[in-house]
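J.: Protein chains in written order, with numbering that gives the first Met the number 0: chain A, 0 to 120; chain B, 0 to 192.
Glycine is no exception: its CB is placed at the ideal position from the N, C-alpha and C atoms.
Since we're looking at a predicted model, the values are computed, not measured.
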Amino acid sequence: MIDRPLNRTDAGDDWLDSLLRADGREHRAAYVDDAGFTARLMAALPAPATLPAWRKPALALLWAAAGVAIAVALPGAVTDVSREVLRVILGQPVSFTGIAAAVAALGTATWAAAAIALRND
Amino acid sequence: MAEPPLNDAELIARVVVHDDRHAFSELVRRHQSAVRTTLRRLTAGNHALADDLAQETFMLAYRNLKSFRQEARFSTWLYRIATNAFLADARKRKEELLGDRDSDVADDDDSDAVIFDSAGPDPTRATTLRVDMDRALAVLSEGERAAIVQCYHNDLSHEEAAQVLNCPVGTVKTHILRAKQKLKARLAAWAPE
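Structure representation (structure tokens):
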């Protein structure tokens, strides 16, 4: 035990200090047998939050449905946006390195998404 | 070849990241004795109440394990939760506790009693001291008792005790000073002639 300087009420308190230290040593040397304590505690813990297996496909389906719904709700918007994007892209001089960078970025994004999905599983 | 046992930090990481129940049960097994003996001291020997509070302590630890920053030892963090649980419970049942204090100590069920280290010089003296100390600690206020238990029984420094008790170091010192004045009167029989 590391003796630390503890406050004393007066110089005549040494016996009390010794008594408390002796009791403290006994306390630290004591071991309370588990006697089923851990088992009872583990049984009382809340059940683990397990996600149902159908959660991912259901979410994907919902997102797809939402996408279709938006496309239907905004007729012409999707084609307009696509046409404008294509026009901007075609209006730019496209180099081989540009195409390679785009493919690399797309590949990185795909692999990163796959890695995150696998980690969650 | 058997794998070396995981340390507390590794077990905590498994619980936090994977909700690993086996890892948490290992943490409980490792620390249940220290937490239960501390609570038995804080409750002045009321084993049933101490075990209820110990269960509450570990449940709270499980729920809040993500907030454990590993700045202090895991055991110190558990002592803090246990002490808070004790103080909250004491506030709730203060009158009941004051009335039943003596009978709790006297009727204490020793069926799962503390097993003392046989290396001690005199087990009978140690047992008598434990009983007398439980009775003497019972006259202290909850704050005074908690300060004595953390500093003497759990061997924490004043700074660590202040962290566990969530109060300034000066308050810990005051609690100890006052507690020792009361204990001196209650344990006078142990004073040298």
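If contacts are defined as beta-carbon pairs under 8 Å, then A135/B and L186/B qualify, I think. What distance do you get, rounded to the angstrom?
T.: About 5 Å separates the two Cβ atoms, so the contact holds.
J.: Counting Cβ pairs, one atom from each stretch, are 3 or more of them under 8 Å apart for the segment 56-65 of chain A and the segment 47-61 of chain B?
T.: No: fewer than three Cβ pairs fall under 8 Å.
J.: Can you pull out the residues from the segment 83-115 of chain A whose beta carbon lies closer than 9 Å to at least one beta carbon of chain B?
T.: Within the segment 83-115 of chain A, no residue has a Cβ that lies closer than 9 Å to any Cβ of chain B.
J.: Whose CA, out of N63/B, A89/B and M132/B, lies closest to the CA of D51/B?
T.: Looking at the Cα atoms, A89/B is the closest of the given residues.
J.: State the Cα-Cα distance for the pair N153/B and R35/B, rounded to the nearest angstrom.
T.: When rounded, the distance between both Cα atoms is 12 Å.
J.: If you pair each beta-carbon of the segment 78-87 of chain B with each one of the segment 176-191 of chain B, do three or more pairs fall below 8 Å?
T.: Result no; under three Cβ-Cβ pairs closer than 8 Å.
J.: For A112/B, which of helix, strand or coil comes out of DSSP?
T.: Residue placement at A112/B is poorly supported in this model, since its pLDDT is 38, which falls under 50; the coordinates are not used for a value here.
J.: When the distance is taken between beta carbons, is R92/B closer than 8 Å to M41/A?
T.: Going by C-beta atoms, M41/A is not nearer than 8 Å to R92/B.
J.: Express the C-alpha separation of A34/A and L156/B in angstroms, rounding to a whole number.
T.: In the sequence under discussion, the amino acid at residue 156/B is Ser, which differs from the Leu named in the question. Answer to the nearest angstrom: the Cα atoms are 31 Å apart.
J.: V148/B to I11/B, Cα distance in whole Å?
T.: Near 26 Å, if we compare the C-alpha coordinates of I11/B and V148/B.
J.: Would you kindly check if the distance between the Cβ of R129/B and the Cβ of A22/A is under 8 Å?
T.: It is worth fixing the name first, because residue 22/A is Asp in this sequence and not Ala. Contact flag set, yes.
J.: What residues from chain B crowd round T37/A, counting only those whose CB sits closer than 8 Å?
T.: Neighbours of T37/A on chain B, chain order: S24, V27, R28 and Q31.
J.: Mark E70/B as exposed unless 16 or more other C-beta atoms lie within 10 angstroms of its C-beta, in which case mark it buried.
T.: Under this definition E70/B is an exposed residue.
J.: Could you tell me which chain B residues have their CB closer than 8 Å to the CB of P47/A, listed as they occur along the chain?
T.: Within 8 Å Cβ-Cβ: D18 and R20.
J.: Mapping the DSSP letters down to three states, classify Q149/B as helix, strand or coil.
T.: Q149/B: helix per DSSP, three-state reduction.
J.: Roughly how far, in whole angstroms, is the beta-carbon of A46/A from the beta-carbon of Q54/B, given that I think they are within contact range, below 8 Å?
T.: No, A46/A and Q54/B are not in contact; Cβ-Cβ is about 17 Å, not under 8 Å.
J.: Mark T127/B as exposed unless 16 or more other C-beta atoms lie within 10 angstroms of its C-beta, in which case mark it buried.
T.: By the neighbour-count rule (16 or more Cβ atoms within 10 Å), T127/B is not buried but exposed.
J.: So, with DSSP's three-state summary, where would you put H17/B?
T.: Residue state, collapsed to three classes: helix.
J.: On the three-state DSSP scale, how would you describe G106/A?
T.: Correct three-state label for G106/A: helix.
J.: Taking the Cβ atom as the reference point for each residue, do L26/B and D7/B lie within a distance shorter than 8 Å?
T.: Yes. Within cutoff.
J.: Which class does F95/A belong to by DSSP, given the choice of helix, strand or coil?
T.: DSSP places F95/A in helix when its eight states are reduced to three.
J.: For the candidate residues Q162/B, P191/B and V138/B, whose alpha-carbon lies nearest to that of R177/B?
T.: Measuring from the Cα of R177/B, the nearest candidate turns out to be V138/B.
J.: Counting only C-beta atoms, is W53/A closer than 8 Å to chain B at any point?
T.: With 8 Å as the cut-off, W53/A does not count as an interface residue toward chain B.
J.: Measure the beta-carbon distance from A70/A to V77/A and round it to whole angstroms, keeping in mind my assumption that it falls under 8 Å.
T.: About 5 Å separates the two Cβ atoms, so the contact holds.
J.: On the premise that L15/A lies in contact with K179/B, defined as a C-beta separation below 8 Å, what is that separation, rounded to the nearest angstrom?
T.: The Cβ separation is near 6 Å, so the contact holds.
J.: Could you compute how far the alpha carbon of D18/B sits from the alpha carbon of S66/B?
T.: Looking at the two C-alpha atoms, the distance is approximately 14 Å.
J.: For L40/A, go through chain B and note every residue whose CB falls closer than 7 Å to its CB, in chain order.
T.: Within chain B, the residues near L40/A are V27, Q54 and F57.
J.: Return no unless some Cβ of chain A is closer than 8 Å to the Cβ of Y78/B.
T.: No, Y78/B does not count as interfacial toward chain A.
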